[in-house]
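Residue numbers (the numbering used here), protein chains in the order written: chain A, 406 to 773; chain B, 406 to 773.
Glycine included, C-beta positions come from ideal geometry on N, C-alpha and C.
There are 2 protein chains.
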Amino acid sequence: MRIEISKKDFFEGIQTVNRAVSSKTTLPILSGILLKTEEDKIKLVATDLEIGIEFYVKANIIRDGAIVLPAKYFTSIVRELSDDQIILTADLSNNTAQIKCGQAQFNIHGSPSDEFPLLPKINSKTRFTMYQNILKEMINQVKFAISDDISKPFLTGGLLKFEEKNLLLVATDTYRLSYRRVSFDRKDIIGEEVIIPNKTLNEISKLLNDNEDLVEISITDNQILFKFSGVTIVSRLIDGQFPNYKQVIPKKNNTKAIINKVELLNSTKRASLLAKRDSNIIKINLQEDQLIITANVPEIGQAYERISISLTGQETEIAFNATYLMDCLKVITSEEVILELSGSLSPGVIKDSSGDEYIYIIMPVRSN
Amino acid sequence: MRIEISKKDFFEGIQTVNRAVSSKTTLPILSGILLKTEEDKIKLVATDLEIGIEFYVKANIIRDGAIVLPAKYFTSIVRELSDDQIILTADLSNNTAQIKCGQAQFNIHGSPSDEFPLLPKINSKTRFTMYQNILKEMINQVKFAISDDISKPFLTGGLLKFEEKNLLLVATDTYRLSYRRVSFDRKDIIGEEVIIPNKTLNEISKLLNDNEDLVEISITDNQILFKFSGVTIVSRLIDGQFPNYKQVIPKKNNTKAIINKVELLNSTKRASLLAKRDSNIIKINLQEDQLIITANVPEIGQAYERISISLTGQETEIAFNATYLMDCLKVITSEEVILELSGSLSPGVIKDSSGDEYIYIIMPVRSN
């Protein structure tokens with residue numbers, strides 16, 4: 406194997422697949438990256454058996470071949486090379502690669518490519534496309550509510566569900582629930598639903614572009630494939646039944662307030678500085694034309710914040726974990742948010758003021 | 406006590422003195438910042454008893470007074486305030502401060518100001534000024550060689566020494582020595598020398614500007630004071646006898662090479678990727694017109710780097726800890742460096758090519 410490749414392109418590809426390299430593995434080959442020539446490109450693959458990422462980089466292929474190189478060393482070497490033109494030669498008889506760039510030369514020991522696991526082929530009728538920026542926004546508005554409680558695996562991912570005319574992404578850790586909906590019209594796959602692991606959603610959202618380029622998604626019983634901008638990502642799905650989130654979304658409310666989002670976020674952030682470290686509780690008092698946030702750490706002091714609001718329904722008071730409240734305010738895109746409450750012991754609902762596309766449910770905390 | 410103050414100025418001042426706030430202290434008041442009105446300013450003071458920092462911020466003083474506020478909470482509150490105008494009121498009868506800014510209001514418990522230790526008054530005949538940018542460069546070229554071995558306290562700081570016509574700053578951890586000299590003509594203080602603690606040099610170099618504004622320095626037997634840009638820093642000095650660094654600087658050499666600094670730095674950085682983690686050894690082979698760097702981790706691979714050089718004297722080979730070599734190359738300002746060697750077991754000397762103002766001595770490592 407022998408290729409000539411641009412450092413910039415090569416490094417971009419290595420960084421992309423690196424996200425799937427296994428950090429703690431009993432299978433040493435998974436700490437490596439597979440390099441394989443294919444026509445006028447080199448294919449890079451990494452996988453930890455949960456998620457696999459494949460990326461093609463244009464190269465001048467002088468001699469075909471494939472090898473697995475240790476990701477950590479290989480990545481840092483390519484990062485530090487000064488010239489743009491890299492010549493990579495692999496001696497497949499002893500699984501050694503030589504990297505030459507300007508006056509620098511590295512020999513590194515690799516592993517035979519046939520020991521590297523193949524990414525599964527996905528062949529499915531549940532196949533659709535959407536804009537990259539829409540999928541990225543959906544994931545970012547939902548992923549922080551995913552649970553990390555491995556005793557309930559069905560909560561450690563986001564639910565992707567096809568409803569009539571809508572595609573939903575929902576996540577909950579039982580303390581809060583985040584729900585995002587986009588229009589989607591594919592009668593043939595109504596009712597299908599899968600749970601996508603947290604890590605997969607995270608890595609995808611980092612790799613997706615903020616534009617209207619398409620991402621192609623295919624789903625089988627236990628796997629999901631994303632294909633966009635030259636990247637292919639295959640991930641396992643999570644087994645199990647996602648909770649009935651519809652039951653959790655309150656149908657009515659006694660109090661409805663329209664609040665400037667940035668003011669609410671900044672006030673909550675400041676008040677939380679004086680919220681107890683463990684529970685992080687702030688109290689919110691909703692009055693006819695103002696919202697008062699208070700927090701208190703007896704040995705340190707108190708915080709008091711006032712925001713003008715427009716309220717319909719009853720005045721009320723509720724206590725929240727400040728972090729949970731801030732999480733949703735950071736991802737809502739509208740200038741104002743709607744806060745709907747039904748007393749201090751019922752879940753609060755926060756919505757994007759522009760419609761019902763984004764809904765966040767937050768459980769109240771009993772204060773004092 | 407009651408003041409009106411700009412958030413920006415106040416926060417800048419708090420951040421400056423924060424560097425001296427004690428992070429682990431048995432004396433709780435040292436985790437606070439002293440605020441004290443003085444004419445049309447507010448004085449901020451923090452100290453961990455080793456180093457003390459004082460900073461004045463312009464304010465509208467409505468009522469005089471002084472209080473100590475917990476640095477961590479106080480800093481994060483001021484950081485998060487949205488408006489520029491802050492009103493700070495302290496009730497000295499119960500040592501509580503109220504911070505008001507826009508619709509935000511905080512009450513925090515403080516401590517009485519008279520429990521806060523006073524910074525010592527420095528009155529000394531050893532008093533001089535220099536440009537801030539020169540002092541900053543001197544410290545940055547030397548501080549990384551300071552030892553952290555507390556069993557030899559006299560090595561845990563930098564030696565500041567007045568010689569005939571020169572002012573020196575020198576540091577060594579016995580593996581390498583860094584020496585910087587600037588012209589200085591004050592016959593009355595020739596021969597004086599003090600050891601300034603690592604932390605003090607570090608904090609000062611961060612606060613000094615990159616310009617020719619003056620810094621005023623005063624030295625007593627056990628303390629040093631720096632005054633610049635509104636900041637006053639008082640630090641204890643380290644007791645003990647600094648080693649005779651003159652003995653360490655080789656007087657002659659058998660090999661002298663002129664090397665491009667950036668090429669040497671980049672090649673060393675790359676080669677060190679394949680140097681053993683613990684010892685970080687790279688080998689340097691000096692030939693008539695080239696320098697070869699090699700490194701080797703048997704289970705991973707080898708690195709080989711070549712740089713064109715101009716050599717006088719004998720060809721030779723030497724092994725260094727790559728980190729020690731890179732440390733000095735990062736702070737040398739000339740385009741080329743001079744490497745002087747006397748065989749593979751004698752210390753190497755690296756100089757700024759523009760003169761003898763900067764000298765770095767590095768002990769060789771026995772390889773294989």
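Pick from the options that is closest to residue i, judged by C-alpha positions
i, options, result
"residue 580/B", "524/B, 654/B, 665/B, 761/B", "654/B"
"residue 708/B", "506/A, 614/A, 734/A", "506/A"
"residue 420/B", "664/B, 608/B, 592/B", "608/B"
"residue 682/A", "472/A, 728/A, 669/A, 721/A", "728/A"
"residue 549/B", "584/B, 531/B, 569/B, 526/B", "584/B"
"residue 411/B", "771/B, 730/B, 489/B", "489/B"
"residue 537/A", "576/A, 587/A, 530/A", "587/A"
"residue 559/B", "600/B, 568/B, 524/B", "600/B"
"residue 566/B", "543/B, 557/B, 772/B, 674/B", "543/B"
"residue 379/B", "695/B, 484/B, 511/B, 724/B", "With chain B covering 406 to 773 only, the question about residue 379/B has no answer from this structure."
"residue 625/B", "648/B, 679/B, 597/B", "597/B"
"residue 539/A", "569/A, 573/A, 554/A, 524/A", "573/A"
"residue 569/B", "677/B, 692/B, 662/B, 591/B", "591/B"
"residue 779/A", "432/B, 509/B, 696/B, 439/B", "Any answer about residue 779/A is impossible in this case: the structure gives chain A only from 406 up to 773."
"residue 618/B", "702/B, 651/B, 541/B, 684/B", "541/B"
"residue 669/A", "576/A, 652/A, 688/A", "688/A"
"residue 651/A", "662/A, 467/A, 577/A", "577/A"
"residue 593/A", "552/A, 649/A, 418/A, 532/A", "532/A"
"residue 440/B", "741/B, 468/B, 760/B", "468/B"
Whole-angstrom distance between residue j and residue i, CA atom to CA atom
i, j, result
"residue 447/A", "residue 671/B", "27 angstroms"
"residue 754/A", "residue 766/A", "5 angstroms"
"residue 762/B", "residue 690/B", "27 angstroms"
"residue 546/A", "residue 445/A", "39 angstroms"
"residue 458/A", "residue 705/B", "24 angstroms"
"residue 427/B", "residue 478/B", "14 angstroms"
"residue 514/B", "residue 520/B", "15 angstroms"
"residue 408/B", "residue 476/B", "18 angstroms"
"residue 528/A", "residue 502/A", "35 angstroms"
"residue 640/B", "residue 480/B", "23 angstroms"
"residue 711/A", "residue 482/B", "16 angstroms"
"residue 630/B", "residue 563/B", "15 angstroms"
"residue 487/A", "residue 743/B", "23 angstroms"
"residue 674/B", "residue 716/B", "22 angstroms"
"residue 677/B", "residue 504/A", "15 angstroms"
"residue 698/A", "residue 610/A", "33 angstroms"
"residue 465/B", "residue 518/B", "20 angstroms"
"residue 646/B", "residue 557/B", "10 angstroms"
"residue 702/A", "residue 623/B", "43 angstroms"
"residue 561/A", "residue 752/A", "22 angstroms"
"residue 395/B", "residue 530/B", "Limits of chain B in this structure are 406 at one end and 773 at the other, which puts residue 395/B out of reach."
Counted within 10 angstroms of its Cβ, other Cβ atoms place residue i as buried (16 or more) or exposed
i, result
"residue 615/B", "exposed"
"residue 769/B", "buried"
"residue 613/A", "buried"
"residue 745/A", "buried"
"residue 429/A", "exposed"
"residue 605/A", "buried"
"residue 667/B", "exposed"
"residue 602/A", "buried"
Cβ shell of residue i (< 8 angstroms), same chain only, five flanking positions each side left out
i, result
"residue 657/B", "747"
"residue 484/A", "416"
"residue 686/A", "680, 700, 724, 725, 726, 727, 770, 772"
"residue 635/B", "460, 461"
"residue 694/B", "713, 714, 715, 716"
Same chain, Cβ closer than 7 angstroms to residue i, neighbours up to 5 away in sequence not counted
i, result
"residue 719/A", "659, 660"
"residue 425/A", "451, 452, 453, 456, 457, 458"
"residue 434/B", "473, 516, 520, 521"
"residue 414/A", "462, 463"
"residue 497/B", "406, 470, 472"
"residue 730/A", "673, 767"
heavy atom of the ligand SAM below 7 angstroms from residue i C-beta
i, result
"residue 610/B", "Looking at this structure, you won't find the ligand SAM or any other ligand, since it has none at all."
Neighbourhood of residue i by C-beta distance below 6 angstroms, restricted to the same chain and skipping five residues each side
i, result
"residue 757/A", "737, 739, 763"
"residue 621/A", "534, 632"
"residue 733/B", "755, 765"
"residue 722/B", "690, 749"
"residue 637/A", "459"
* **Complete beta strand (DSSP E) runs within the segment 599-670 of chain A (minimum length 3 residues, chain order)** => 619-624, 628-633, 636-641, 660-665
* To do: Quick one: which unbroken beta strand (DSSP E) runs of 3-plus residues sit fully inside the segment 473-553 of chain B? Chain order, please.
  => 490-496, 501-506, 509-514, 531-536
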